[in-house]
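Asks: Going left to right, the sequence shown walks through residues 1 to 303 as my numbering numbers them.
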Amino acid sequence: MSEIIFHHYWTSPFSEKVRNVFGMKGIAWRSVEQPTILPKPHLIPLTGGYRKIPVLQIGADVYCDSQLILREIERRFPGPKSEANGLSAPLGFWADRAFFAAGIPLIFSALEDSVGEDFKKDREALSGAPFDTERMARAVPIMREQFRAHTGFIEEQLAKNGDFLTGTPSVLDAQAHMNIWFLTSFVPQVAEPLLREFARVRAWAARMKALGYGRPEPMAPEAAIAVALAATPATREQVDPNEPNNLVPGQRVSVVPDDYGKDPVSGVLVASSAHEIAIRREHPDVAEVVVHFPRAGFWVVPA
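1) Could you tell me the distance, in whole angstroms, from the CA atom of L43 to the CA atom of S114?
2) Across the region 172 to 180 and the region 86 to 95, are there enough close Cβ pairs to call them in contact, namely three or more that are closer than 8 Å?
3) Does DSSP put L56 in a helix, a strand or coil?
4) Please classify Q251: is it buried, with 16 or more other beta-carbons within 10 angstroms of its beta-carbon, or exposed?
5) Could you tell me the boundaries of the beta strand (DSSP E) in which P188 lies?
6) From this set, D65, W10, M208, L56, which residue's C-alpha is nearest P35's C-alpha?
7) Grab the span of the beta strand (DSSP E) containing S66 for me, first residue to last.
8) Per DSSP, A287 forms a beta bridge with which residues?
9) Quick one: Cα of S66 to Cα of V270, how far?
10) How about G23 and L194: are their beta carbons less than 8 Å apart?
11) Please check the pair S254 and S273, which I expect to be a contact at CB under 8 Å, by giving their CB distance rounded to whole angstroms.
12) Could you tell me whether the Cβ atoms of L229 and A287 are closer together than 8 Å?
13) Can you tell which of G49, R30, L247, V239 has the C-alpha that lies nearest to the C-alpha of V301?
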């Protein structure tokens, strides 16, 4: 199997949950650090315009969004069957949206003085809304309550099942841990009073940290581009007889996230299912790649 190449940056919470799964499974992977803001000259040729992190690359197949990345890792490195397998996606939506939204005002209102103008402008372009730390600060009392409530869900599950959410480390732990890690890593002074009542969550977070990140080896972004250029996509055309809008391989489509970073990626449909859509693209830097996206949370329309 081709190397696992992971495009990320170390402060990304969505990357952290994938790194946690690498640690649980002891996976060897190549670590490609990408910029936190645009331009991303060694990412965009691979993705066709999708700018969010993380991105997983295996040869000339490129997987976007942590939701799909975790699914692909589990397919290639299957673990024991457990209740975690069927709950990963819905729990991921909770972590990525409701729980994540509660943490953002807590973090960036506290970091206001250290957030650079370039970062603010980049995130405004990404979200389509002002990066308004004063507004975030006004939301802190409400979001503090929300973050506590979401953390309480984790505490209850740990009380039932022990050291991890299903008893042993699973992708569910990685999904739920992301926002705890984000808060405690960057604003510990905010996290400490919020987590004080949740002894099980604090102990669980320490266990998650102890799992490590598997076996990462650095790789230059230019080297990852060279891998894609030398490889051939492994994904083959596959007709989905249940495709609700009658999309078929060979049709040109555009794929766009439904939340933020709404930069459409266009290409030729290769394969689709209820969970995934794969499109073929060409770029001079990488020749031909197949870019994979989740279906949930992404819109697909004829190009």
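Quick reminder that beta carbons are idealized off the backbone N, C-alpha and C, glycines included.
Replies: Inspection of the coordinates gives the following:
1) Position 43 of the sequence shown, counted from the start, is the residue given in the question as residue 43. Position 114 of the sequence shown, counted from the start, is the residue given in the question as residue 114. Each residue's Cα considered, the two are about 26 Å apart.
2) Yes: at least three Cβ pairs fall under 8 Å.
3) Here residue 56 refers to the residue found at position 56 of the sequence shown. Strand, per DSSP.
4) Within the sequence shown, residue 251 is the residue found at index 251, counting from 1. Per the 10 Å Cβ criterion, exposed.
5) Here residue 188 is taken as the residue at index 188 of the sequence shown, counted from 1. Going by DSSP, P188 is part of no beta strand (DSSP E) but of the alpha helix (DSSP H) stretching over 188 to 195.
6) Locating residue 35 in the sequence shown gives position 35, counting from the first residue. Nearest of D65, W10, M208, L56 to P35, Cα basis: W10.
7) As a working mapping, residue 66 is identified with position 66 in the sequence shown. Taken as a continuous stretch (DSSP letters only), S66 belongs to no beta strand (DSSP E), being part of the alpha helix (DSSP H) at 66 to 76.
8) Against the sequence shown, residue 287 aligns to sequence position 287. DSSP lists H283 as the bridge partner or partners of A287.
9) The count along the sequence shown starts at 1 and reaches residue 66 at position 66. The count along the sequence shown starts at 1 and reaches residue 270 at position 270. C-alpha separation (whole angstroms): 21 Å.
10) The sequence position of residue 23 within the sequence shown is 23, counting from 1. The sequence position of residue 194 within the sequence shown is 194, counting from 1. Contact flag unset, no.
11) Residue numbering aside, residue 254 sits at position 254 when the sequence shown is read from its first letter. Residue numbering aside, residue 273 sits at position 273 when the sequence shown is read from its first letter. About 18 Å separates the two Cβ atoms, so there is no contact after all.
12) As a working note, residue 229 is residue 229 in the sequence shown. As a working note, residue 287 is residue 287 in the sequence shown. Yes, the pair counts as a contact, with Cβ atoms nearer than the cut-off.
13) Within the sequence shown, numbered from 1, the residue matching residue 301 stands at position 301. Considering only alpha carbons, the answer is L247.
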